[in-house]
Structures are given as C-alpha cells and as structure tokens.
Amino acid sequence: MKILHLCLGNYYADGFGYQENLITKCHKKEGFDVVIIASRINYDSKDSSQYLTKPGEYINEDGIRVKRIEYKYKRNNLLLKFSRIFRTYEKIYESIEKENPDIIFVHNPQFWDIKQVVRYKERNKEVIIYADNHADYINSAKNFLSRNILHKIIWRYRIKSFLPYCERIWGVTPNRCDFLREVYKVPTGKIGLLPMGADSKKINFDNKDKIRKKIRKMHLLEENDFVIISGGKIDERKKIHNLIEAVNQLNHPRIKLLLFGTPNQEMKDTIESITNTKHIREVGWLKSDLVYDYFLASDLAVFPGTHSVLWEQAVGTGIPCIFRKWEGMTHVDVGGNCIFIEGGDIKTIKNAISNIYNDETKYKEMERTAIEKGMSFFSYDEIAKRAIGKTKY
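In structure tokens form, the structure reads like this:
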C-alpha cells in the first residue's frame, strides 16, 4: 500500500522531529511505500533558520523519497512572495498522478492548490484522504488581514471544497481542533484529535541510568543535582529568557538548567548575557534523537511560553513538566504528570520550580504518572496508525 504525504500547506524540515518527519518514518517502518511531496521551505538544523531548498528528488535519512516542487510563480521576488503566501505550485496534479497512491495524507490543507487533490480524488474514487491541521489562534490569524481575509475567507473556502473528499481532518492539539471548527467551519463530526508525540524508538528508557550519568558527567552535573531542561527555537514568545533568570535568581546549589537550541537574532544578545553562570549549561542545537537522551538525563522539563512539539516529546519521554497554560493545550496533562502556570514571568516560574523541588512526594507522583501514562499515549507508533484510520481515535 502506498501512502503519499503532501507537505504543501507549510514546510517539510529535513532531519527534524516534527510530525511530518515521524509519521512518515513510522509508516515506512510499518512496511508502507511512503513518498513525500513538499514545498521548497526547509530549516537549517544548525540554527533552525528557514531557507528555500532547490526543487528535485532525494532519499531522506529514513529511506523515504522526497520530492520538492517548485512554486508556480517565480519570475521575480514579488511573484515568488505571492506564491509562498498562497502556496501555489507547479504540476501538483501530475505529481500526485505519477505516484498513484492508495492513501493521501495532507499535512495542513491551507494551500491554494488543494483543489488539485480534490480533482485527483474525483478521478480516482478509491483513494482515501486524511488531513491534519497545525494552525491555531497562537501561531496563525494574528492580525486582522490574516484572520479575516486569509483564514476566514480564502482558506475556509478552499477547505470547505476539500471536506467532502476527506475522511477526517485532525487537529494536532485541542485548540487546533477548535480552530478548524470556529474559523473554517469544519463540522464537529469530521474533526478528530491526533496529538503530536514522541519517537518511542529513540527513547532508550531501559538504559536511562547509563544515559543520565553520561550526559551529566559531560556537562559537569552531579547525580544529586535537580536538572531542569528546556530549549528549542528560542524566541521571545517561548519565555526561555525568563526561565534562565528564574533559575539564576533561585541561586540554589543543586538546581541547574540544561538549555539546548539556538536563540533567534532578536534574543541572541539577551540569552548570551544571562547564561554565563554556574547554574546554566548551554549545549547548543541537538539532533532530534539526542533530545530524548537529554530529557532522560533531566528531572523536570519547563516550557513557560508558547507551545512547541517539545511539549509532547517531553511527556512521551516520561519526564514531569511545567507548561504555560494556554486554552486548548491541556491534552499534555495525562493525569498529573505536569502543572500549568498562568504566566511566563520570572516570579511565577521560580515559584513553580520551588514548589515541585521542595515537595518530593508530589514530584514522585508526577514522575510515576508521566512514565505510566505519558509514554504510551504520546508514542508515534500509535499516532501513525490512528492518522490513517488503522486504530480508533
């Protein structure tokens, strides 16, 4: 059976641990013939900066064929910008027809040429189509034009025409399900929750103690240190700078912060000015598989700002967490593995860390729940099956 993944409503980032990477990887390991057709947008694994890669085909690190297709209008920068905003591409129908898939999985249906997927389905009734949505009120529709023109008119119109041909459209968080319902007017019965998760094959839980000792030794951390971990794409909205300040101000000899990832240009000077202390360990950008090892080596994950896939990956690794409270993001609480904070300010973060550190009974209960429930619920082995209707949602 052949599954075609379309990554045209956003980007496909080679070598990252995003949903597009992990679902396709799991489908490949399940024995499916997997192909990815993607836009030219890619991300640099060294500094997470966005760039346009060349159109063409190649085999990725998971043995999956990836086809990058060209934008339709590219004669000059203005036309290219238009194509990128409305996501119009060359020869989509021909590319789909050439692959002759049994299942099409659309990662984000917000692209103008979704009509070509509809056209293909009309001519090939037996093909089964699923889609997911990553847009929400935090990362999209942030200004009047985007919210009321791009999303409520253009993308709503395109998605409405696509819905009769799609088995189910998944929201990857509860508030992204809400976004589908409220902004695009997708019927509730067509929507399901397909959470982002963790690559369980890369979580070496059986060797947790060995990994923990190795990483702590590498970064001059003691076995009895209480190690907090955070990171990713570090921008102002992630509030990582407030977490750093909170740990510094706690000034506790046993509380340390492992920080991975790279700050964007806006935050670079700020981060550099507050990380050179005995409480902070900067490790730079980590490959996606190493992130899991660093989670295993830590005691608490703290993400005091906007959501990223690292939230689900942390829960899926079985580590207690502190998250900023956002409406529609409580799915990461599987029964007491985490706490939510109302704000991302320094004082709030300090109090939350102190409360957990000073209450060993509470911490152990959080850890037990994280291991017993979080690791199974957020495993991509199961999520990938749910995505194409192979298990119940």
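Quick note on the working numbering: the sequence shown kicks off at 24 and runs consecutively.
Ideal placement from N, C-alpha and C gives every residue a C-beta, glycine not left out.
All of these numbers come straight from a predicted model, not from anything done at the bench.
Considering only the beta carbon of each residue, do residue i and residue j sit closer than 9 Å?
{"i": "A154", "j": "W178", "result": "no"}
{"i": "A320", "j": "R409", "result": "no"}
{"i": "D159", "j": "G366", "result": "no"}
{"i": "I26", "j": "I137", "result": "no"}
{"i": "Y338", "j": "V314", "result": "The residue asked about is misnamed: residue 338 is Val in this sequence, not Tyr. For V338 and V314, no; Cβs fall outside 9 Å."}
{"i": "I252", "j": "V270", "result": "no"}
{"i": "L266", "j": "P343", "result": "no"}
{"i": "T76", "j": "R98", "result": "no"}
{"i": "R191", "j": "G341", "result": "no"}
{"i": "Y279", "j": "L244", "result": "First, the residue type needs correcting, since residue 279 is Lys and not Tyr in the sequence shown. Against a cut-off of 9 Å, the Cβ pair of L244 and K279 comes out as a contact."}
{"i": "V325", "j": "Y41", "result": "no"}
{"i": "S311", "j": "G38", "result": "yes"}
{"i": "F346", "j": "F318", "result": "no"}
{"i": "I379", "j": "K262", "result": "no"}
{"i": "H264", "j": "M241", "result": "no"}
{"i": "I60", "j": "Q73", "result": "no"}
{"i": "V206", "j": "K175", "result": "yes"}
{"i": "E113", "j": "Y94", "result": "yes"}
{"i": "R181", "j": "Q139", "result": "no"}
{"i": "L282", "j": "T298", "result": "yes"}
{"i": "L273", "j": "I406", "result": "no"}
{"i": "F228", "j": "M398", "result": "yes"}
Could you check whether the Cβ of residue i sits closer than 8 Å to any heavy atom belonging to the ligand MG?
{"i": "Y96", "result": "Annotation note on the ligand MG: not contained in the displayed structure, which lists no ligands."}
Going along the chain, which residues of its own chain have a beta-carbon closer than 6 Å to the beta-carbon of residue i, five neighbours each way excluded?
{"i": "T392", "result": "G358, G359 and N360"}
{"i": "Y416", "result": "Any reading at Y416 needs caution, since the residue's pLDDT is 48, under 50, leaving its predicted position unreliable; the model's value is listed next. Same-chain partners within the cutoff: G215 and R409."}
{"i": "C189", "result": "I152 and A154"}
{"i": "E43", "result": "C30, Y35 and H130"}
{"i": "H157", "result": "N131 and V195"}
{"i": "E122", "result": "L27 and V58"}
{"i": "D248", "result": "R277 and K279"}
{"i": "N33", "result": "N131"}
{"i": "P197", "result": "G351 and H354"}
{"i": "H330", "result": "M352"}
Secondary structure at residue i, three-state DSSP: helix, strand or coil?
{"i": "R409", "result": "helix"}
{"i": "H130", "result": "strand"}
{"i": "E145", "result": "helix"}
{"i": "H28", "result": "strand"}
{"i": "D404", "result": "helix"}
{"i": "V140", "result": "helix"}
{"i": "V58", "result": "strand"}
{"i": "E80", "result": "strand"}
{"i": "E305", "result": "strand"}
{"i": "P187", "result": "helix"}
{"i": "Y160", "result": "coil"}
{"i": "K417", "result": "Given a span of 24 to 416 for the chain in the structure shown, any question on residue 417 remains unanswerable."}
{"i": "R98", "result": "coil"}
{"i": "T285", "result": "strand"}
{"i": "I89", "result": "For the sequence presented, residue 89 should be read as Val rather than Ile. Note: V89 maps to strand in three-state DSSP."}
{"i": "Y112", "result": "strand"}
{"i": "Y180", "result": "helix"}
What does DSSP give as the partner residue(s) for residue i in the beta ladder?
{"i": "A324", "result": "I252 and C344"}
{"i": "K155", "result": "Just to set this straight, residue 155 is Asp in the shown sequence, not Lys. Paired residue(s): H130 and W193."}
{"i": "N65", "result": "Y74"}
{"i": "I278", "result": "F249"}
{"i": "R235", "result": "According to DSSP, R235 bridges with nothing at all."}
{"i": "I257", "result": "P286"}
Tell me which same chain residues have a C-beta within less than 8 Å of the C-beta of residue i, skipping the five on either side of it?
{"i": "E335", "result": "P218, M219, G220, A221, V355 and F401"}
{"i": "D404", "result": "C49, S223 and K224"}
{"i": "D258", "result": "P286, N287, E289 and M290"}
{"i": "E87", "result": "Going by the sequence as given, residue 87 is Ile instead of Glu. T47, K48, K51, V57, V58 and I59."}
Looking only at its chain, what residues have a beta carbon closer than 7 Å to the beta carbon of residue i, apart from the 5 residues adjacent to it on each side?
{"i": "C200", "result": "G194, I214 and L216"}
{"i": "R204", "result": "T211 and I214"}
{"i": "D368", "result": "N265"}
{"i": "F109", "result": "W135"}
{"i": "I238", "result": "D316, Y317 and A320"}
{"i": "A164", "result": "R170, H174 and V206"}
9 Å is my cut-off, CB to CB: does residue i come that close to chain D?
{"i": "P132", "result": "The question asks about chain D, but that chain is absent: this structure has only one protein chain."}
Output the residue ranges of the beta strand (DSSP E) runs that lie fully inside the segment 332-397 and measure 3 residues or longer, sorted by chain position. 344-347 and 361-364
Taking only runs of the alpha helix (DSSP H) that begin and end inside the segment 200-225, which ones reach a length of at least 4 residues, in chain order? none
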